Structures are given as C-alpha cells and as structure tokens.
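Visitor:
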Amino acid sequence: MRALIATGSKDAASKNILTSLLNNFEFSPQEINLPGFTIYKLKDFDIFLTQTPELIDEDSGSGELLLAGLAPLDILVMGAWHMGASPPLLCVHTGGNPGEENPSLAFAPAAHMKFAVKRLEALNLQSGLNWLTCMEATHGPPIQFTTPFITFEIGSTENDWANPTAGEITAKAIVDTLISEITPTSSVIAVGGSQYSGAVRKLLLDTEYAVGHFFSHSVSEHLGINVLKQGIDKTIGKVTALAINKKENSETKTKFKQFAAELALETIILK
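Laid out in structure tokens, this is it:
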C-alpha cells in the first residue's frame, strides 16, 4: 500500500501525533521535489509523512499539489484535533459535507476505518487511558479528490490534544492500519444517532460489518436518496445494508427503509 499521513501545523493534537510518529517509527527525510513540504518515508514501506497547514483547502491548492506530487496514493490519512462538547476521545471519520447544498463526499475506506476503531480501542485499553473511542459521522468541507480518506482525531480540549499517551496511541493505530493486511468485509451506510453514535461503535466492535459513510441525526432527517447513493458509490467495499438508528422517529425510519428497498439493500436497526 502506498499512503500519505498528513498532520496539521497549527494545533496541539496534530503536533502531538507528528511527534509520536517521528519518535516511535523509522521515518526518514526524503529528497522529493515538493516546495514547502518536508516529506518523510517509513522504512520498508511506501508510507509517507508530512506536515501541512492546509491539506483540504480549495483556495490554496496546496493539498492538490501534495497529493499529485506523491501520486499514485492508495489512501490518505490525516492526524488532527477534535473540538466539541464531548469527553476525551480518540476517533476516526471520513470527509464530506452531506448536510449542505451540493454535497461532495470523500471515498471512504470502510474496512480500514473498522480496523482503525478496533485498534484504537485495543491500544486505549492496554494503555489504561480509557478514553472514548469511536467513528464520528461524516463531516467537513466538500471533498473533490478521489484518494480514499480517513482522519484520526484526538479530542476534545487543549489538554487532551497534548496528551502524550493519546498521541502515541493514535500514531500506532495509524501505522498499524496502513501496514496490516486488512480483509474486505461487508459494509453498511449508517444513518441517525449522535455524531459519536454508540450504536455505530458497537456495530464496528462487535459485528463483522464495516461502516463507509455515517450520517448523524442532524443530517439524516433531511437526507435524500441521491446523497445516500453517493455515500454508497464512494464507499470502498461492497455496501450490503443500510443501518438505521432505532431512536430516529418513525417517519425518518420509514423513509430510509423505502430508500433501502429501492437500492436493494438489507435494513439493519441499530440499537
């Protein structure tokens, strides 16, 4: 697998993840002609690492330059901070703007995200950190590039972002996700529930299913079948089911059951 890990240069979580990657793994600088970027490569693997202030920025074009300079890439991983009304957490998600006009979603590597959540949870328990681990709902700016994309985040406060154990866990989970042989598995699109749905977490940890795109309650009420189709088309791996959170109202559940039937998908009710 040929992959790029990109960390931000403006927040403590990104710097924490970068420091842990460089201190705990054999990354060495490379002579690659990409002005403005220092590129590292992991020994024995085609896994590259860099720091950039603006990877996904439609105006600067820096992200497109970086991706083109290292093409072809099988997967892109970002290490970043998470801020929100949530407890300390280690999470992953893919990108896109499903709740906005003209949504454009990332290609979501479902099996790799499942592996990542399970690895974060195992390392979290081994370390005694005992933070929340989860898959967060799809969110972010519109994504135009076609490289499959995962963000690993540390949240949710400045103290959490700088926690060295959290940085080491995230760095280890990133590298393990990229160097492991990951077997494709049946994938679902998940709808409903909170941004950090415990039902989606349970699905990932306790069943054989992976999750491609996950649309939380704040988006799902207004989600049409075309965005759902885009989520299916942009999930890496075969999507076999639509997983609907049981807490959604009856009207929303009926809507998604009808969509599932139209798309020849199984319906799973997440509890």
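All letters in the sequence shown, in the order written, are residues 687 to 957 by my numbering. Positions of the beta carbon are idealized from the N, C-alpha and C atoms, including for glycine. What you are looking at is a predicted structure, and each value in this text was computed from that prediction instead of being measured.
Over the uninterrupted alpha helix (DSSP H) stretch that includes Asp892, give me the two end residues.
Guide: Looking at the DSSP string, the run of the alpha helix (DSSP H) that includes Asp892 is 884-892.
Visitor: Got a sec, what are the start and stop residues for the beta strand (DSSP E) Arg767 sits in?
Guide: First, the residue type needs correcting, since residue 767 is Trp and not Arg in the sequence shown. From DSSP, the beta strand (DSSP E) with Trp767 extends over 761-769.
Visitor: Under a three-way DSSP split, which group does Asn931 fall into?
Guide: Of the three classes helix, strand and coil, the one that applies to Asn931 here is strand, per DSSP.
Visitor: Apart from the five residues just before and just after Pro903, which ones in its own chain have a Cβ nearer than 8 Å to its Cβ?
Guide: The residue you asked about is not Pro; residue 903 is His in the sequence shown. Same-chain partners within the cutoff: Gly878, Gly879, Ser880, Asn931, Lys933, Glu934.
Visitor: Could you check whether Thr738 and Tyr726 sit closer than 8 Å to each other, using their CB atoms as the reference points?
Guide: Not in contact: Tyr726 and Thr738 (Cβ atoms no closer than 8 Å).
Visitor: Suppose you measure from the CA of Phe835 to the CA of Gly782; what does that come to, to the nearest Å?
Guide: Going by the C-alpha atoms only, they are around 10 Å apart.
Visitor: Would you identify the three-state DSSP class for Ile855, choosing helix, strand or coil?
Guide: Reduced to three states, the DSSP call for Ile855 is helix.
Visitor: Using only CA atoms, which one of Leu818, Thr837, Ala698 lies nearest to His899?
Guide: Per the Cα distances, Thr837.
Visitor: Just reading off the alpha helix (DSSP H) that Gln812 is part of, what are its end residues?
Guide: Its alpha helix (DSSP H) spans residues 796-813.
Visitor: When we look at the beta-carbon of Asp892 and count the other beta-carbons within 10 Å, is it buried (16 or more) or exposed?
Guide: When all chains shown are included, Asp892 counts as exposed.
Visitor: Excluding the 5 residues flanking Gly770 on each side, which residues of the same chain have their C-beta closer than 8 Å to its C-beta?
Guide: Cβ neighbours of Gly770 beyond the five flanking positions: Gly841, Ser842, Gln881.
Visitor: Which complete alpha helix (DSSP H) runs does the segment 697-733 hold, if anything under 4 residues is left out?
Guide: Counting only runs of 4 or more, we get 698-710.
Visitor: Spatial neighbours of His908 within its chain, please: C-beta separation below 8 Å, excluding the five flanking residues on both sides.
Guide: Gly785, listed in sequence order.
Visitor: Looking at C-alpha atoms only, which residue of Asp846, Glu948, Leu707, Ala929 is the closest neighbour of Lys957?
Guide: Comparing Cα-Cα distances from Lys957 to each of Asp846, Glu948, Leu707, Ala929, the minimum goes to Ala929.
Visitor: Here's the rule I'm using: 16 or more other beta-carbon atoms within 10 Å means buried, otherwise exposed. How should Ala947 be labelled?
Guide: The residue is exposed, with fewer than 16 neighbouring Cβ atoms inside 10 Å.
Visitor: Would you kindly check if the distance between the Cβ of Ala699 and the Cβ of Glu839 is under 8 Å?
Guide: Yes. Within cutoff.
Visitor: Report the residue from Trp817, Thr824, Asn710 whose alpha carbon sits nearest the alpha carbon of Leu775.
Guide: Per the Cα distances, Trp817.
Visitor: Beta-carbon separation of Ile918 and Leu949 under 8 Å?
Guide: Yes, the pair counts as a contact, with Cβ atoms nearer than the cut-off.
Visitor: May I ask you to list the residues that DSSP assigns as paired with Ile922?
Guide: According to DSSP, Ile922 bridges with Pro795.
Visitor: So, with DSSP's three-state summary, where would you put His903?
Guide: Here His903 sits in helix by DSSP.
Visitor: Within its chain, find whatever has a CB closer than 7 Å to the CB of Leu756; leave out the 5 residues flanking it on each side and keep chain order.
Guide: Leu690, Phe734.
Visitor: I'd like to know if the segment 820-833 and the segment 784-800 are in contact, where contact means that at least 3 CB-CB pairs between them fall below 8 Å.
Guide: Counting Cβ pairs under 8 Å, three or more are found: they touch.
Visitor: Find the nearest neighbour of Ile855 within the set Asn810, Phe713, Leu708, judged by alpha-carbon distance.
Guide: Taking only the C-alpha atoms, the option nearest Ile855 is Asn810.
Visitor: Considering only C-alpha positions, which residue in the set Ala896, Asp846, Lys920, Ser772 is nearest to His979?
Guide: An answer regarding residue 979 cannot be provided, because it is not within the stretch 687 to 957 covered by the chain.
Visitor: Identify, in the order they occur along the chain, each residue of the same chain with its Cβ nearer than 7 Å to the Cβ of Thr832, setting aside the five sequence neighbours on each side.
Guide: Within the same chain, Thr832 has close Cβ partners Phe793.
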